[in-house]
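> Okay, here's the structure, questions in a sec.
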Amino acid sequence: MSEVRSSDLEIGLSSNGDPVEGDTAVSGPREVRAFYALREACGLDAETVSRFKDRFQFPARVRVHLPKDEDRACHFFPGEVCFYESTFSCGLRLPVHPFLMELLAHFGIAPGQLMPNSWRIMINCMQIWLASNGDMIRMGELTYLYRLKESKEWGYYELVPWERKTRIVKGLPSSFRYWKSRFFFVYRDDFETQSNNDWGDIPRLLRRWGTPTLVKRRPKLKSRHKERIEIAIGYAETIENWDGLVDPWTLAFYNLGPNSHNLHKQNFTLHLCNLCNL
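Last residue of the sequence shown? That's 278 in full-length UniProt numbering, and every number before it is there in order.
Pasting the structure below:
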């Protein structure tokens, strides 16, 4: 496959400024900087990729492009999307859920630009809302709780709470060793959810890395969502085993991953009780 590169793929514009209250998106002065990902070559081999395709339940029709020595995560290959292995350790399963696709489109970033723990925050919030409110978290609810922030390693972004009391997700890993060198590209079918009657028009995942204009003012919360957030916060406080939320059983239970062959309702009920203080 031929690689397509251009200057806007390997450099981006950064913005500075601190968050403030309000409902307006603003940006500060911007400067040109090189993506940090240009420093990291891929450290995966074909055998390792084959193992984690099985471990993370990749759909059969998804194809993986293992990068060459000169390839970088921020490089662009037509029709392909970069992912990091750590993203799947944090609970992502293919095809990418419509809510995650909409959220990434809202932020204006490609999947590979989001730091590992931010994936875990999004997926845990989806589970918390499904368990406590009975339906999916709304984009406005998540963006009221968390904002997108530039990482010190330019080109990557992370979710941080607007304030301490909105930090719903806890128990996050302190580090992911060597995660930046463990990337690959996926293509063909079944790695993203297609638009359909149930979900409507779903924005495609970005193939090119972007440099979004970050929101510096906290969005206002619609009144009908306040109670839902309070319920979710109360439920999150009962969770004792955060790591259990990203295991195959729990992901399958919330329809965020494929059904496990070993998923039995009685056993799972006991498993779910062990996650919370029930």
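The C-beta atom is built at its ideal place from N, Cα and C for all residues, glycine as well.
Find out if the Cβ-Cβ distance for the pair F184, L92 is shorter than 8 Å.
What you label residue 184 is simply residue 184 of the sequence shown in a count that begins at 1. What you label residue 92 is simply residue 92 of the sequence shown in a count that begins at 1. No. Outside cutoff.
> Keeping to the same chain, check which residues put their C-beta closer than 6 Å to that of D190; ignore five residues upstream and five downstream.
Numbered from 1 along the sequence shown, position 190 holds the residue referred to as residue 190. Excluding residues within five positions, the ones whose Cβ falls inside 6 Å are P59, R61, V62, P95.
> Ignore the nearest five residues each way along the sequence and tell me which others in P219's own chain have a CB closer than 8 Å to its CB.
Here residue 219 refers to the residue found at position 219 of the sequence shown. Counting only Cβ-Cβ distances below 8 Å, and skipping sequence neighbours, we find D23, G140, T143, Y144.
> Would a C-beta distance cut-off of 8 Å place H65 and Y187 closer than the cut-off?
To locate residue 65, count along the sequence shown from 1; it is residue 65. To locate residue 187, count along the sequence shown from 1; it is residue 187. Yes, the pair counts as a contact, with Cβ atoms nearer than the cut-off.
> So, with DSSP's three-state summary, where would you put D201?
What you label residue 201 is simply residue 201 of the sequence shown in a count that begins at 1. Correct three-state label for D201: coil.
> Using CA coordinates, which residue listed in P248, R147, L103 is at the minimum distance from F55?
Counted from its first residue, the sequence shown places residue 55 at position 55. According to the sequence provided, residue 55 is Arg. The question's Phe does not apply to it. Nearest C-alpha to R55: P248.
> Would the beta-carbon of Q127 fall within 8 Å of that of L245?
Position 127 of the sequence shown, counting from 1, holds the residue named residue 127. Position 245 of the sequence shown, counting from 1, holds the residue named residue 245. Yes. Within cutoff.
> What three-state label does DSSP hand P116 in the structure shown?
Against the sequence shown, residue 116 aligns to sequence position 116. The answer is helix: DSSP assigns P116 an H, G or I state.
> What residue range does the beta strand (DSSP E) around E150 cover?
The residue given as residue 150 occupies position 150 in the sequence shown. Element bounds for E150: 146-150.
> Using the C-alpha atoms, what's the distance from A46 back to V26?
To locate residue 26, count along the sequence shown from 1; it is residue 26. To locate residue 46, count along the sequence shown from 1; it is residue 46. For V26, the predicted model reports a pLDDT of 38, less than 50, meaning its position is unreliable; a value from the coordinates is still stated below. If I take the Cα positions, the gap works out to 44 Å.
> What three-state label does DSSP hand P59 in the structure shown?
Against the sequence shown, residue 59 aligns to sequence position 59. If DSSP states are grouped into helix, strand and coil, P59 belongs with coil.
> Counting pairs of beta carbons, one from the segment 110-117 and one from the segment 217-232, are three or more of them closer than 8 Å?
No, the segment 110-117 is not in contact with the segment 217-232.
> Measuring alpha carbon to alpha carbon, tell me which of F77, L172, R177, H75 ends up nearest C90.
Taking the sequence shown and counting its residues from 1, the one referred to as residue 90 is at position 90. Minimum Cα distance to C90 is reached at L172.
> Looking at the strands, I want to know which residues DSSP matches up with P161.
Position 161 of the sequence shown, counted from the start, is the residue given in the question as residue 161. Paired residue(s): Y146.
> Mapping DSSP to helix, strand and coil, what is A41?
By 1-based counting over the sequence shown, the position of residue 41 is 41. Looking at A41 - three-state DSSP - the assignment turns out to be coil, as it is neither helix nor strand.
> So, for F52: in the same chain, excluding its five sequence neighbours on each side, which residues have a beta-carbon less than 8 Å away from its beta-carbon?
Position 52 of the sequence shown, counted from the start, is the residue given in the question as residue 52. E85, F88.
> Three-state secondary structure (DSSP) at C125?
One-based indexing of the sequence shown puts residue 125 at position 125. Of the three classes helix, strand and coil, the one that applies to C125 here is helix, per DSSP.
> Rounding to the nearest angstrom, what Cα-Cα distance links E40 and K226 in this structure?
Position 40 of the sequence shown, counted from the first residue, corresponds to residue 40. Position 226 of the sequence shown, counted from the first residue, corresponds to residue 226. Going from the Cα of E40 to the Cα of K226 covers about 42 Å.
> Put Y254 into one of helix, strand or coil per three-state DSSP.
Your numbering for residue 254 matches position 254 in the sequence shown. In the structure shown, Y254 sits in coil (DSSP, three-state: anything other than H, G, I, E or B).
> Any idea which residues DSSP pairs C82 with across the strands?
Translated into positions along the sequence shown, residue 82 becomes position 82. Looking at the DSSP assignment, C82 forms a beta bridge with F185.
> Would you mind giving the Cβ-Cβ distance between Q57 and P203, rounded to the nearest angstrom? I have them listed as a contact below 8 Å.
Start at 1 with the first residue of the sequence shown, and residue 57 comes out as number 57. Start at 1 with the first residue of the sequence shown, and residue 203 comes out as number 203. With 8 Å as the limit, Q57 and P203 do not qualify as a contact, their Cβ atoms being about 24 Å apart.
> Can we say the segment 230-237 touches the segment 68-87, given the rule of at least three CB pairs closer than 8 Å?
Result no; under three Cβ-Cβ pairs closer than 8 Å.
> In angstroms, rounded to a whole number, what distance separates the CA positions of T48 and I168?
Here residue 48 refers to the residue found at position 48 when the sequence shown is read from its first residue. Here residue 168 refers to the residue found at position 168 when the sequence shown is read from its first residue. Going from the Cα of T48 to the Cα of I168 covers about 34 Å.
> Tell me the residue span of the alpha helix (DSSP H) that contains L103.
If you number the sequence shown from 1, residue 103 lands on position 103. Residues 98-107.
> Can you give the Cα-Cα distance for L38 and A73, rounded to whole angstroms?
In the sequence shown, residue 38 corresponds to position 38, counting from 1. In the sequence shown, residue 73 corresponds to position 73, counting from 1. About 7 Å.
> Just to confirm the assignment, what range does the alpha helix (DSSP H) spanning G234 have?
What you label residue 234 is simply residue 234 of the sequence shown in a count that begins at 1. Segment 223-236, the alpha helix (DSSP H) holding G234.
> Is DSSP giving R177 helix, strand or coil here?
Here residue 177 refers to the residue found at position 177 of the sequence shown. R177 falls in the coil class under three-state DSSP.
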